[in-house]
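**Student:** If you read the sequence shown in the UniProt record's numbering, its first letter stands for residue 1, the second for the next number, and so on. Quick one: the structure is below, and I'll ask about it shortly.
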Amino acid sequence: MSAIFLYLLEIFRIFPLIFHIYFDYAPGAAARPNPFAPKAAFLRYWKAQLSGGGAPPPFLLSKASPLSAAAAAQLAKLAAGSTLASHLRLFCSLADLFCSFDEGLRSHRKDVDEDANFAVYANKRFAGYGTGRLGGADSFKNYSEGLNTPDFSFKKYTKEGSGHSEGFANYATDGNVANSSFANYAFGANGGSGDFKNYHLRVNVPNLLFTTYDSDGNDHKRSFTSYNQDANTGGQSFTSYAKHGNSSPTHFATYSGDSNTISSTFSGYGLLGNAGNETFTSYGGNANDPHNTFKGYSTGGNSATESFTSYRNKANVGDSSFQSYARSANSAKTTFASYGKSFNEGNDTFKEYGKGSKGQTKIDFKAYSVDRNFKDYAQKGVTFAGYSNVSSEAQLSSPSSRTISGGSVNRWVEPGRFFRESELRPGTVMQMPDIVDKMPRRSFLPRAIASKLPFSTQRLQEVKELFAMQEGSATEHVILNALRECERPPSRGEMKRCVGSAEDMVDFASSILGRGITVRTTENVNGSKQKVVIGSVRGIKGGELTESVSCHQSLYPYLLYYCHAVPKVKVYQADILNFVGRSRINHGVAICHLDTSSWSPDHGAFVALGSGPGQIEVCHWIFENDMTWTVVD
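Next up, the structure:
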């Protein structure tokens, strides 16, 4: 009885909202647009605040809130009373939001004996797949490539299989918010191999979980090549990976290279393993603030061999923790070559490292850098070769004195992403980068709602409650990343602001540039990743030096833009022509930065164009759904 009463009470509470929604969205409502709806209100705000006249460009107006006047008023009232969380599903649906990045899919069991080829396959769950299989091979090629929010679960995959090989090539490449779970993967497998090639390459916010992967496996080889390379703000967890394994070799090549704020946890990795062999090559190289935890790694192992080559080499800051690493191991051998040669020192902790080891345990540090902490490590068999503690080594952190290293020059930068101003001439043939927006569609919130929602790391608990975030979920990673980026102190000379409403964007741009402004973006995505020809070119303000405000999308449940003032630039509009036939297929907007003196020497622009800070100007296209504000031409 009480449940029925509560249900009726809830219906009564939201009845006014349901009534107004029906009235506003009923047949014929489109013919009588409400002048007080958020979109109409933004049109009036645009005309009142800006002196350029006319209406906002269609691409910007399309991002305004689709809420009706009544729904917006009711939701604003709920937001003011901090009760929106109890109406989250309705709020997200009406306001055109993307409130969860952890969408689960229906279980899809697939038990087969034949070899499987999953080419251009997407979003499936493989529970008990290949259990007890003898031999065979499965190939996952271009799996979920380019999808938004791919979600996979490989549960008990190849459990107790014999001689079974799995290949993951271009797995979830270019995806956004990828969630993968490998639970009991290859548990008790005998022989065979697992190959992860270009796994989650260039993914934004990866969330990966390997639980009891290869536990009790026998000689099952794993290779992680270009794993999470160029990824942004994600986390990987390897729990009881290769536990009790026998002669299980693992190779991590360019693991999390060039990534931004990746967190990796190896818990119980190789625990009690026999003759394990792991190689970490270029692990976390060129990464920004990587966080790695090796807890109980190879504890109690027998004749284990681990090699860390160029581990976190050239990384920025970063934090690594080795707790009880190789503790009580027998005849273990670990080599750290060029470990932590960061240009900006991080913090590493070695606690009980090698403690209680037996036999010919050997731990070798070659060219290991400054500011490290060793606690309770085994006194016997530990070699520190070429341990760097020289202040001149830290001079690499000085941007003015740094040069581009060979390793950085070899980093992959997408062709066409950066170019010189001289290329913006009719007839120039150039490669267009991938300008397609891969983020989920969302809309701005009306300012009356956005201003009442919690938006700071100090109010993180309120944000979690509002969006029903699970601890350690992909949604939590997404929201934390956005909040931290918005709260990051501005760079030297930078003015920035994160905006969640169209009105806030207008206010910020006009506060920098004045009221006589307009906003531009590239017309469409035609020509993306293709060879194109530049047609007619027109410079804003005659191609003279100007100032702009650029706004880039941030991943968040509602549409959020990171806007910042960009001084000393030139803005161009150019027709984009098809390479074959020379027909017009797009109208692009490009921005050229004339002052690059404060940019990092390892910036992708210098990697691609072969120069350094302050030596050249750098141009790039405005991608789909990004935009730049300038004075009216």
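Quick reminder that beta carbons are idealized off the backbone N, C-alpha and C, glycines included. Everything numeric in this text was worked out from a predicted model, so none of it was measured.
(1) Who are the near neighbours of Val566 in its chain, counting only those whose CB is closer than 6 Å to its CB and skipping five residues on each side?
(2) By alpha-carbon positions, which one of Gly54, Val203, Leu560 and Asn524 ends up nearest to Asp96?
(3) Only counting the same chain, and skipping five residues up and downstream in sequence, which positions put a Cβ closer than 6 Å to that of Cys486?
(4) Kindly list the residues whose CB is nearer than 6 Å to the CB of Lys529, restricted to its own chain and excluding five residues on each side of it in sequence; keep chain order.
(5) From Phe196, Ser193, Phe238 and Lys197, pick the residue whose C-alpha is nearest to that of Leu208; which is it?
(6) With respect to the alpha helix (DSSP H) encompassing His603, which residues constitute its N-terminal and C-terminal limits?
(7) Please confirm if Gly614 has its CB atom under 9 Å from at least one CB of chain B.
(8) CA-CA distance, Leu460 and Asn179?
(9) So, with DSSP's three-state summary, where would you put Cys563?
(10) What are the boundary residues of the beta strand (DSSP E) that includes Ile517?
(11) Check whether the stretch 464-481 touches the stretch 597-614, taking contact to mean three or more Cβ pairs, one atom from each stretch, closer than 8 Å.
(12) Are there 16 or more other CB atoms within 10 angstroms of the CB of Gln74, so buried, or fewer, so exposed?
(13) Which whole-angstrom value is the C-beta distance of Phe308 and Phe266, which I expect to be below 8 Å?
(14) For the alpha helix (DSSP H) containing Val533, list its first residue and its last residue.
(15) Looking only at its chain, what residues have a beta carbon closer than 7 Å to the beta carbon of Lys47, apart from the 5 residues adjacent to it on each side?
(16) Under 8 Å by Cβ, that's how I've got Ala253 and Phe224 pegged, so tell me the actual separation to the nearest angstrom.
(17) Compute the Euclidean distance between the alpha carbons of Cys563 and Ile540, then round it to the nearest angstrom.
(18) Taking the Cβ atom as the reference point for each residue, do Leu60 and Val519 lie within a distance shorter than 9 Å?
(19) So who's on the other strand from Ile576, going by DSSP bridges?
(20) With DSSP as the reference, label Cys99 as helix, strand or coil.
(21) Around the C-beta of Gly416, are 16 or more other C-beta atoms found within 10 angstroms, so that it is buried, or is it exposed?
(22) Are the stretch 465-473 and the stretch 570-584 in contact at 8 Å, needing three or more beta carbon pairs?
(23) Rounded to whole angstroms, what's the CA-CA distance from Gly614 to His593? Just pull it up for me.
(24) Can you tell me where the beta strand (DSSP E) holding Phe280 begins and where it ends?
(25) Between the alpha carbons of Gly81 and Lys63, how many angstroms are there, rounded?
(26) Going by Cα to Cα distance, which pick from Ala72, Lys464 and Ser491 is closest to Ile449?
(27) With a 10 Å radius around its C-beta and 16 neighbouring C-beta atoms as the bar for buried, classify Thr628 as buried or exposed.
(28) My parser needs the alpha helix (DSSP H) runs of 4 or more residues fully inside the stretch 440-506; what are they?
(29) Given a threshold of 16 other Cβ atoms within 10 Å of its Cβ, counted over all protein chains shown, does Val203 qualify as buried or as exposed?
(30) Would you mind stating whether Val532 and Ile591 have Cβ atoms separated by less than 9 Å?
(31) Roughly how many angstroms lie between the CA atoms of Ala70 and Cys92, to the nearest whole one?
(32) For Gln573, which of Ser510, Asn34 and Val537 has the nearest alpha-carbon?
(33) Using only the alpha-carbon positions, how far apart do Pro489 and Thr457 sit?
(34) When every heavy atom of the ligand GTP is checked, does at least one fall within less than 8 Å of the C-beta of Asp96?
(35) Compare the C-alpha of Ser51 against each of Asp507, Tyr558 and Ala169 and name the closest.
(36) If distances are taken between C-alpha atoms only, which option among Ile622, Tyr45 and His87 comes closest to Val436?
**Tutor:** Reading off the structure:
(1) Cβ-Cβ distances below 6 Å link Val566 to Ser548 and Ser550 in the same chain, with the five nearest sequence neighbours on each side left out; the list follows chain order.
(2) Leu560
(3) Cys498
(4) Asp434
(5) Phe238
(6) That residue, His603, is in no alpha helix (DSSP H); it is neither H nor E in DSSP.
(7) This model lacks chain B altogether; it includes just one protein chain.
(8) Here the alpha carbons of Asn179 and Leu460 stand approximately 22 Å from one another.
(9) strand
(10) Ile517 to Arg520 is the span of the beta strand (DSSP E), which, as asked, contains Ile517.
(11) The stretch 464-481 and the stretch 597-614 do not touch, with fewer than 3 CB-CB distances between them shorter than 8 Å.
(12) buried
(13) About 12 Å separates the two Cβ atoms, so there is no contact after all.
(14) Here Val533 belongs to no alpha helix (DSSP H); instead the beta strand (DSSP E) covers Lys531 to Gly539.
(15) none
(16) 7 Å
(17) The straight-line gap from Cα to Cα measures roughly 20 Å.
(18) yes
(19) Ile534 and Asn586
(20) coil
(21) buried
(22) no
(23) 10 Å
(24) Asn277 to Thr281
(25) 26 Å
(26) Ala72
(27) buried
(28) 447-450, 460-466 and 474-487
(29) buried
(30) no
(31) 16 Å
(32) Val537
(33) 14 Å
(34) The ligand GTP is not part of this structure, which contains no ligands at all.
(35) Asp507
(36) Ile622
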